[in-house]
Structures are given as C-alpha cells and as structure tokens.
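Chains V and U are the protein sequences, given in the same order.
Residues in the first sequence are numbered from 1 upward in steps of one, following the numbering used here.
Residues in the second sequence are numbered from 1001 upward in steps of one, following the numbering used here.
Glycine residues also receive a C-beta, built at the ideal position from the N, C-alpha and C atoms.
Accompanying notes for the structure given below.
Number of protein chains: 2
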Amino acid sequence: MNLWIEEKLENIYGMRFRVTEVLFSGESQFQSVQVVRTAGHGVMLLNDGFIMLSERDEFVYHEMMAHVPLFVHPDPKRVLIIGGGDGGTAREVLRHPSVEECVVVEIDGVVVRACCLHLPKTASSFDQAEVVIGDGVAYVAETDRTFDVVLVDSTDPIGPAEPLFGEAFYRNVHRVLAPDGIVVSQGETPWYKASTQRQLSGVLNRTFTLNGVYNFSNLTYPGGLWSFTFASKGLHPLMDFDEDRAQESSIAFQYYNEAVHKAAFALPTFQARDLNGATNL
Amino acid sequence: MNLWIEEKLENIYGMRFRVTEVLFSGESQFQSVQVVRTAGHGVMLLNDGFIMLSERDEFVYHEMMAHVPLFVHPDPKRVLIIGGGDGGTAREVLRHPSVEECVVVEIDGVVVRACCLHLPKTASSFDQAEVVIGDGVAYVAETDRTFDVVLVDSTDPIGPAEPLFGEAFYRNVHRVLAPDGIVVSQGETPWYKASTQRQLSGVLNRTFTLNGVYNFSNLTYPGGLWSFTFASKGLHPLMDFDEDRAQESSIAFQYYNEAVHKAAFALPTFQARDLNGATNL
Chain V
1 MNLWIEEKLE
11 NIYGMRFRVT
21 EVLFSGESQF
31 QSVQVVRTAG
41 HGVMLLNDGF
51 IMLSERDEFV
61 YHEMMAHVPL
71 FVHPDPKRVL
81 IIGGGDGGTA
91 REVLRHPSVE
101 ECVVVEIDGV
111 VVRACCLHLP
121 KTASSFDQAE
131 VVIGDGVAYV
141 AETDRTFDVV
151 LVDSTDPIGP
161 AEPLFGEAFY
171 RNVHRVLAPD
181 GIVVSQGETP
191 WYKASTQRQL
201 SGVLNRTFTL
211 NGVYNFSNLT
221 YPGGLWSFTF
231 ASKGLHPLMD
241 FDEDRAQESS
251 IAFQYYNEAV
261 HKAAFALPTF
271 QARDLNGATN
281 L
Chain U
1001 MNLWIEEKLE
1011 NIYGMRFRVT
1021 EVLFSGESQF
1031 QSVQVVRTAG
1041 HGVMLLNDGF
1051 IMLSERDEFV
1061 YHEMMAHVPL
1071 FVHPDPKRVL
1081 IIGGGDGGTA
1091 REVLRHPSVE
1101 ECVVVEIDGV
1111 VVRACCLHLP
1121 KTASSFDQAE
1131 VVIGDGVAYV
1141 AETDRTFDVV
1151 LVDSTDPIGP
1161 AEPLFGEAFY
1171 RNVHRVLAPD
1181 GIVVSQGETP
1191 WYKASTQRQL
1201 SGVLNRTFTL
1211 NGVYNFSNLT
1221 YPGGLWSFTF
1231 ASKGLHPLMD
1241 FDEDRAQESS
1251 IAFQYYNEAV
1261 HKAAFALPTF
1271 QARDLNGATN
1281 L
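Listed below in structure tokens is the structure:
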C-alpha cells in the first residue's frame, strides 16, 4: 500500500508522511479527526488534515509546554489545560509531584475518544486528570476556580481555536490565575506565522506584567522552528527558574533539560525583529 | 503550472516545494545540478534532487557555520572552505574584517557556474574569495598552506562527499590548521541521522583536543533541527567566545547573535544521549 498523508501550507510547501494503516476516521461537530499509523513516525493525529502530533516527536512539544512554566513557578499545585485533547501535556504536568489538580478542557470529545483508543502513550494521562468536554473560552469566563499555571494547548487560530488567540480570552485567563500565575500558549512558527506570533504577543503584553517567546524544534509541523508564548503576573522564566529542582527531578526528560530551558529563550535575530516590541522579557 | 519538487527521506517522509520556473538543469561528472525558482522559498539549488539551499533561509546555515568559529578564534585571518560551491559560507566569512584569505575548494565546477548564474545572493562572494575547483580531500592532503579556521560545507556522506566524514580527511585538516585552529563541519540532523552525527563526532574526538555539536533550525532540510560539529586544538566555543566582538560587530545578522551562539550548544536530552560520549565539551 502506497498511502501518504500530506499537509499543505499556502500552496507553497507540503509535508508528506507514509501511512501504513488508518486507525480512526470521524467527523465531529467541529472538525474531521483522523488517527493513522505511519511508516516512520509512529501513530499520528490529524484534525481537518492538519498534523497535531506524531508518537515520534510529541515529547518535544509536551515537555516544553509543561516543564518550562512548572519549573519557574515555585509550587505549582493547580494546572488548567485548554485544549490538549490528546493528553500529552497533562502527562507531563502530572509528572510534577507538587501538582494536585490537573484540569483539561477540550472542546472536542471525538478527539479525546480517538486518542483514548489509539494513542495511549499520551491519553493514558486522562486516568489521573479531570477531563471536561467543553469550550475553554466559556470555562475561563465562568469558573470560580483559581490556577497556578494555565496551558493553552490549541490548534492554529482557525475554527474553534480562533478565540483562544484573542484579548477577551486572555483577560479571563488573567482572572483565573493566582497572583503568581503563568500562562503558556502554543505560539506558531516564526517562519510562516510571524504576524500571528506578534499579534498573540501583543495581546499578552497588554494583559500580563511579563511576556516573552521561547522556541522548540518540532519534527512534524511546517517550519520546524516553533514557539510558545510565556506570560505571567511577575514570575520571570529565567530569573525565577528553579534550576536545582529541574536538575534533581526524577522525570525522564527526552528533550527538556536545564540548558535547553534557558537556550529556548534565545531568539534568532529575524524573529526578535519580527516581534517588534510585543514582548518585554 | 502546478510543478513541485520533492525530497524524500527513506520512503517515510517527503518535503515538497512548488516551483514556478526551472532556471538551470545540468549533469556534472559528480551529480545532477538543478536551480529552480519556487513560489514561496525563492531560488533553490538541488544536487541529485537533494535540497542544498533556498534563498528564503540560507542565511541560517551560512551565518551559523561561519560566525560561531570566527567569533571564537581571536584573530581569524586565513579561512579554508571545503565544498560551499554556492558561495554563502564565503560571503559570511568575508564579512569579518580580520579575514585576509578565504579559499573555497569545491569539487564540482557546475555547481559554482549554476550559482554564479542564478544565485548572486550567495555566489557574489566569489569576487573576493579564492575559488579552487578541485577535490577537498586531496587539497588538505597536499597543500603547504596553513589556516586558522576550516569549514567543511559538504553535502550528505554519499557520493563525492563521503570521504569528508572520514578520519584520514580530518587528520589532514588537523595538519593544515594553525596551533589555535578550529574546524566546523555540516553535522546532519539528530532526528534522522543520529548515527552519522555520532560517527563524525567520534572521528573528531580521536583527532582533535576539543569537540562538540551545536544546532540550528533549517527550514528546508528534513527534520528542521540540524547540527554543526565544532572541533579545535584547544579553543572552547563558549569560554573563548569573544562576545564583545560579536556584539560590536557591524555585520547585519539575520539569525546569529550572541545569545543564539551560546544557546546553540544546549543539546536536547535525546541528542546528547545519542552522541553517547563522542563529544567532550
């Protein structure tokens, strides 16, 4: 069988992966959801044809989203994940012994179901997390709970994820965060989505005391060089980084380590220029 | 016209770029050489169908190959480039005011000709460089000249570039290097070529006093996360890094800067583990 999936970018670029088996194919009210087994990248999840994760490299995204803020916050107990329906971010969060509550608010129950069936590597974390199938925008507007860290593990700003890049949402994230709270969000790629990165940073800059961008290398997202945004009510990702706690941690990191934490904030010149004052770290 | 070029990796992955014009197509005695104009990545050079560079991101590779060793060496005057037939590495080397001699030894005259015709952005540096069309392996075996920095700007270790990954070659590189000499080489990707990276590092470890690996993000190479090897007779890439000279430089960097220089040596955990003692930085 010579079957390939392809993710195209603006009709200028395509990434193709060879598929050996289609494990799941469904339509939710929000999007199409596919899970496929590939020849070289393990099981992959796709929403509307966009690659969400591969088993081969998912650890990079999930470790970098979770461990950077959780080793900056001095005592993260309550973590809220918006999106993250594959469970990978929750898995990394739950590796921190201080964490007592890990709430995952995923809008699409079909994503959660597909991952529980075919991606236990990430979805097995749902045994320990509190999973809410619902709209993250409404959740942060309505909840009376407070969190130490919020992780916005969203898709690109199209369809159901679009409000997750807006100012109204982040004002509510600020509201649900404790006084030393941190929010980290999926921040797109500086190669192809510099304007989205600048716009999201601008929103965070107007809403939070500190905000910046840090990078990681994604194998299965177009561009390779991808970013998270970091914003807080005062904690600094480098000056408040508890390096000893990271070094002494018993977590079996595959990508993250203390040097990578610090290096991730060193932005290439073109990226820093494109952000054009929208960050203040 | 719906024309795409595709680079395939081990029948598991493919990268496709939309082409608007074929500018050059030739066969040398070593390989096929193509230059195409793309819809989103500028002009691209391909050897045997493998992407060598795109105008859109070539600055990353060329800046990181040249500036890291040239800001570590205290007074780089004489630089030898093995390969580098597009001229991009020479362009960055020649931006350093201390450089008096820049020798480019490229095996394939057709590559040089194609780039002079269609890639002036990189090849215009040949006006100031000393270009030798010849075998780099033979050159370092036979020359009686001495260099401060050698840059091995090679393709993958197949065909004419294969000996450039071997010990005999690096013993001669050591021979032509001055007592405080540095050699930086194209080091493949930790995602798909970990064994090549370890093997090359092992060769350098046996041949030089210090050796390590540093990373950069390549937009048009499979894997995104790519590496250079750094080896020297004693200069350390971080402890001997002349940060002030880099900061005060008038070079208009697009990717490189002092923070990126240092961050590039922070390796992800899986990569450091895969190198398995083949480095000693």
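| Query | Result |
| --- | --- |
| C-beta neighbour in chain V for U/Pro-1190, strict 7 Å | no |
| 7 Å CB neighbourhood of V/Arg-91 in its chain, flanking five on each side removed | His-62, Thr-122, Ser-125 |
| Backbone CA spacing between V/Met-65 and U/Glu-1167 [nearest angstrom] | 41 Å |
| Three-state secondary structure (DSSP) of V/Ala-231 | strand |
| Of the listed residues V/Gly-14, V/Val-132, V/Asp-274, nearest to U/Leu-1219 (C-alpha basis) | V/Gly-14 |
| For V/Phe-208 and V/Gly-277, the rounded distance between their alpha carbons | 14 Å |
| The beta strand (DSSP E) enclosing U/Glu-1130, as first and last residue numbers | 1130-1133 |
| V/Gly-223 classed as buried or exposed, judged by whether at least 16 other C-beta atoms fall within 10 angstroms | buried |
| U/Met-1001 classed as buried or exposed, judged by whether at least 16 other C-beta atoms fall within 10 angstroms | exposed |
| Chain U contact for V/Val-36 (CB, 7 Å cutoff) | no |
| Nearest-angstrom Cα separation, counted from U/Tyr-1256 out to V/Pro-268 | 6 Å |
| Where U/Leu-1219 falls: helix, strand or coil (DSSP) | coil |
| Segments assigned beta strand (DSSP E), at least 3 residues, entirely inside the region 1053-1087 of chain U | 1078-1083 |
| 7 Å Cβ cutoff, U/Tyr-1214 in contact with chain V | no |
| Residue span of the alpha helix (DSSP H) that contains U/Glu-1258, given as start and end | 1258-1263 |
| Within 7 Å, strictly: CB atoms of U/Pro-1160 and U/Ile-1082 | no |
| C-alpha distance - U/Leu-1003 paired with V/Ser-98, whole-angstrom precision | 54 Å |
| Beta-carbon contacts of V/Ser-217 that lie in its chain and below 7 Å, excluding the five residues immediately before and after | Val-60, Gly-224, Leu-225 |
| Buried or exposed (CB count within 10 angstroms, at least 16 for buried), U/Ile-1051 | buried |
| CB contact below 7 Å: V/Gly-40 versus chain U | yes |
| Bridge-paired residues (DSSP) for V/Ile-51 | V/Leu-46 |
| Bridge partner(s) assigned by DSSP for V/Asp-153 | V/Gly-83 |
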